[in-house]
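Notes for the one structure printed next.
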Amino acid sequence: MASLPIHTIRSIARMVALLAFSLCSFPTVHGALHITEFMADNGGSLLDSDGDASDWIEV
Numbered sequence: 013m014a015s016l017p018i019h020t021i022r023s024i025a026r027m028v029a030l031l032a033f034s035l036c037s038f039p040t041v042h043g044a045l046h047i048t049e050f051m052a053d054n055g056g057s058l059l060d061s062d063g064d065a066s067d068w069i070e071v
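Numbering-wise (this note's numbering), the sequence shown opens with residue 13 and increments by one.
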């Protein structure tokens, strides 16, 4: 099994840390949170308003 490139591992770690922080820092609301979209290694398929291929999570 091939190992993942370091930038992929770092991207996944950043996304997990961001998700954990956001779930722990906001007050509880009624209803469940759902991750509807997740992009951990955006190689250029989706560009943001600055033209960057950023990683993101949509909750």
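We put the CB at the ideal spot given by N, CA and C, even for glycine. Predicted model, so just to flag it, every value in this text is computed and none were measured.
Distance between residue j and residue i (C-alpha atoms, nearest Å)
i: Ile24; j: Ser15; result: 14 Å
i: Leu58; j: Glu49; result: 12 Å
i: Ala52; j: Ala44; result: 22 Å
i: Phe33; j: Trp68; result: 14 Å
i: Thr20; j: Asp60; result: 19 Å
i: Cys36; j: Leu30; result: 10 Å
Endpoints, the beta strand (DSSP E) within which residue i is located
i: Ile69; result: Trp68 to Glu70
Contact belief for residue i with residue j at Cβ below 8 Å, rounded distance in angstroms
i: Ile47; j: Val71; result: 6 Å
Closest by C-alpha distance to residue i, when choosing among the options
i: Pro17; options: Leu31, Ser61, Gly55 and Cys36; result: Gly55
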